[in-house]
Amino acid sequence: MSDYIDLNGEEQSFGDTDAQRQVRENDRGYVFHSWSAQDQINPLPIAKGEGVRMWDYDGKEYLDFSSQLVYLNLGHGHPKLVKAIQDQAARLATIQPAFANDARSELAKRIVERSFDGARSVFFTNGGAEAIEYAVRLARQSSGKRKILSRYRSYHGSTGTAITMTGEPRRWANDVIDGEVVHFFGPYAYRSAFWAETPEEESKRALEHLEQQIQLEGPGTIAAIVLETITGTNGVFVPPPGYLEGVRALCDQYDILMICDEVMVGFGRTGEWFAYQGFGVNPDLVTFAKGVNSGYVPLGGVVISEKVHDAFRTRAFPGGLTYSGHPLACAAGVASVDVFEEEGIIERVRDLGERVVAPRLAELAAKHPSVGEVRGKGLFWAIELVLDRETREPLIPFNAAGEAAAPFNAVVAACKDGGLWPFAAGNRLQIAPPLIISEEDLVKGLDIIDEALSVADSYYTGK
Ligand SMILES: Cc1ncc(COP(=O)(O)O)c(C=O)c1O
Numbered sequence: 076m077s078d079y080i081d082l083n084g085e086e087q088s089f090g091d092t093d094a095q096r097q098v099r100e101n102d103r104g105y106v107f108h109s110w111s112a113q114d115q116i117n118p119l120p121i122a123k124g125e126g127v128r129m130w131d132y133d134g135k136e137y138l139d140f141s142s143q144l145v146y147l148n149l150g151h152g153h154p155k156l157v158k159a160i161q162d163q164a165a166r167l168a169t170i171q172p173a174f175a176n177d178a179r180s181e182l183a184k185r186i187v188e189r190s191f192d193g194a195r196s197v198f199f200t201n202g203g204a205e206a207i208e209y210a211v212r213l214a215r216q217s218s219g220k221r222k223i224l225s226r227y228r229s230y231h232g233s234t235g236t237a238i239t240m241t242g243e244p245r246r247w248a249n250d251v252i253d254g255e256v257v258h259f260f261g262p263y264a265y266r267s268a269f270w271a272e273t274p275e276e277e278s279k280r281a282l283e284h285l286e287q288q289i290q291l292e293g294p295g296t297i298a299a300i301v302l303e304t305i306t307g308t309n310g311v312f313v314p315p316p317g318y319l320e321g322v323r324a325l326c327d328q329y330d331i332l333m334i335c336d337e338v339m340v341g342f343g344r345t346g347e348w349f350a351y352q353g354f355g356v357n358p359d360l361v362t363f364a365k366g367v368n369s370g371y372v373p374l375g376g377v378v379i380s381e382k383v384h385d386a387f388r389t390r391a392f393p394g395g396l397t398y399s400g401h402p403l404a405c406a407a408g409v410a411s412v413d414v415f416e417e418e419g420i421i422e423r424v425r426d427l428g429e430r431v432v433a434p435r436l437a438e439l440a441a442k443h444p445s446v447g448e449v450r451g452k453g454l455f456w457a458i459e460l461v462l463d464r465e466t467r468e469p470l471i472p473f474n475a476a477g478e479a480a481a482p483f484n485a486v487v488a489a490c491k492d493g494g495l496w497p498f499a500a501g502n503r504l505q506i507a508p509p510l511i512i513s514e515e516d517l518v519k520g521l522d523i524i525d526e527a528l529s530v531a532d533s534y535y536t537g538k
């Protein structure tokens with residue numbers, strides 16, 4: 076039996092150093108990588124992926140606890156998604172967006188049916204950043220207002236307005252492409268910007284801060300408030316009680332649109348179709364991408380409320396994309412919705428999160444002094460690592476690189492040595508495996524993390 080199939084469709088065995096060298100040479104020779112100093116990286120060549128696992132060319136197996144970039148919700152090689160793409164490619168691989176297309180319209184219908192009360196239509200994009208760009212354009216064009224409020228400790232994508240809205244270091248070198256974006260602080264009870272001592276207090280004070288900011292910026296100038304419903308890469312912040320409802324109320328009071336960025340948390344990640352559904356709020360616009368079709372073919376979009384949709388009934392919307400609603404991507408999306416329902420994905424995410432992950436992380440927090448806090452929902456969690464529980468000094472400084480990041484890099488290396496590919500961000504190990512993961516594999520991955528946390532403990536300086 077072969078280990079993997081190569082680019083020419085030929086069966087190959089692991090351990091072929093020539094094949095691996097070729098991939099590395101071509102990559103280092105010709106590929107320009109994201110977010111990197113090109114001479115300081117050495118991307119690992121991956122030969123094969125299957126379900127929740129991937130293998131390098133030496134045959135080393137990794138359990139993927141990051142769902143690639145938190146998009147591989149149904150794992151590698153799901154037969155129903157593969158078949159849907161193959162069938163679509165054979166019957167109509169592409170059609171430009173001005174035509175009506177069955178795969179596109181079926182997916183739009185299914186997404187609207189699973190969305191908030193008052194959801195009316197979907198504009199499809201090629202990914203998450205574009206979804207943000209279009210949500211903002213819809214908000215600005217429909218409201219006639221320009222300003223956008225977004226949070227610190229957020230990521231919204233790397234294109235013009237999306238990177239300006241981003242509230243973390245990836246924005247810095249790109250400041251300021253869109254001059255009408257203002258940042259505010261959201262709740263983060265563990266490191267409260269508001270000296271709050273309980274989640275309830277954090278929620279209340281974060282809302283008071285937001286209201287002041289709205290008043291000082293001028294409600295009449297603000298088109299939308301944008302938030303990641305549960306913040307992703309910047310720390311898995313589950314909103315404290317009343318916060319999202321409070322943002323909704325402020326939006327209503329000041330006639331501002333509420334945009335939930337669900338690019339990372341949409342489509343089952345938190346045990347709901349969309350994360351906002353766990354908090355009983357109805358946004359006006361919702362961005363999605365990634366998990367909509369597990370990233371088999373790039374796809375993103377915006378779910379649009381009736382109110383915003385109606386602004387463009389007799390007036391043309393000024394925007395579009397050549398590949399809006401690409402049939403290959405949409406066919407994979409339709410198949411993905413089928414799989415979610417046939418395999419009870421939403422219910423199993425809830426169950427595994429509550430029954431397996433939450434108690435095990437509580438156990439790890441009790442066992443390892445370096446664990447400052449664990450937080451999350453469904454199959455989306457963060458383990459925040461500290462040097463000292465009392466002072467909460469992070470294991471490595473904010474935005475650390477090089478030597479300063481060494482302690483955290485050692486923890487990540489221990490995970491990889493143990494056969495787990497973690498979602499590593501800042502001073503946090505984040506947990507986001509494919510949603511089809513078996514209980515056995517989930518426990519196996521958490522066991523590897525347990526071992527790796529001993530490395531974090533070795534740096535602990537607290538009492
Ligand atoms: C919350 C959120 N919004 C937007 C984006 C941007 O998506 P993309 O990289 O597909 O443009 C990301 C990507 O990680 C994200 O996590």
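Be aware that the sequence shown starts at 76, since it is given in my numbering, and climbs by one per residue.
Where a beta carbon is used, it is the ideal one built from N, C-alpha and C, also for glycine.
Run the CB neighbour count on Lys220, radius 10 Å, all protein chains shown included, and call it buried at 16 or more, exposed below.
-> buried
When burial is assigned at 16 or more other CB atoms within 10 Å of the CB, is Arg344 buried or exposed?
-> buried
Given Asp162 as reference, the closest of Glu526, Leu403, Ala433 once Cα atoms are compared = Leu403
Should Arg246 be labelled buried (16 or more other beta-carbon atoms within 10 Å of its own) or exposed?
-> buried
Can you tell me which of the three DSSP states Thr17 falls into?
-> Since the first residue shown for the chain is 76 and the last is 538, residue 17 is missing from the structure and cannot be characterised.
Look at the alpha carbon of Asp133 and the alpha carbon of Ala214, and state the distance between them as a whole number of angstroms.
-> 50 angstroms
Do the stretch 388-398 and the stretch 313-320 meet, that is, are 3 or more Cβ pairs less than 8 angstroms apart?
-> no
Apart from the five residues just before and just after Leu470, which ones in its own chain have a Cβ nearer than 7 angstroms to its Cβ?
-> Ser445, Leu460, Val461, Leu462, Pro482, Phe483, Asn502, Ala531, Tyr534
For the stretch 188-235, list the alpha helix (DSSP H) runs that are entirely contained and at least 4 residues long, ordered along the chain.
-> 203-218
What alpha helix (DSSP H) runs, 4 residues minimum, are completely inside the stretch 342-401?
-> 381-385
Apart from the five residues just before and just after Leu325, which ones in its own chain have a Cβ nearer than 8 angstroms to its Cβ?
-> Leu282, Leu285, Glu286, Ile289, Ile300, Ile331
Mind pulling the alpha helix (DSSP H) runs of 4 or more residues that sit fully within the stretch 453-528?
-> 481-492
When the distance is taken between beta carbons, is Ser229 closer than 8 angstroms to Asn309?
-> yes
Looking at Asp139 and ligand 1, is the gap between the Cβ and the nearest heavy atom below 7 angstroms?
-> no
Mark Tyr371 as exposed unless 16 or more other C-beta atoms lie within 10 angstroms of its C-beta, in which case mark it buried.
-> buried
Kindly provide the ranges of any alpha helix (DSSP H) runs that are 4 or more residues long and lie completely inside the stretch 102-185, ordered along the chain.
-> 142-145, 154-167
Proximity to Val377 [Cα-Cα], best of Thr306, Val338, Glu181, Gln113 | Val338
What residues in its chain sit with their C-beta under 7 angstroms from that of Ala440, if we drop five residues either side in the sequence?
-> Val446, Val449
Count the CB pairs spanning the stretch 428-439 and the stretch 399-419 that are closer than 8 angstroms, and state whether there are at least three.
-> no
In terms of residue numbering, what span does the alpha helix (DSSP H) encompassing Leu82 cover?
-> Premise fails: Leu82 is in no alpha helix (DSSP H) and is neither H nor E.
Hey, quick one: how far does the alpha helix (DSSP H) through Ile252 stretch, first residue to last?
-> Unbroken run through Ile252: none, as it is neither H nor E.
CA-to-CA distance, Lys155 to Ala271, given in whole angstroms | 48 angstroms
Can you check whether the CB of Gly453 is closer than 8 angstroms to the CB of Gly346?
-> yes
Per-residue DSSP class, three states only, for Gly321 | helix
Could you tell me the distance, in whole angstroms, from the CA atom of Thr169 to the CA atom of Glu181?
-> 16 angstroms
Would you mind reading off the limits of the alpha helix (DSSP H) that contains Val424?
-> 420-427
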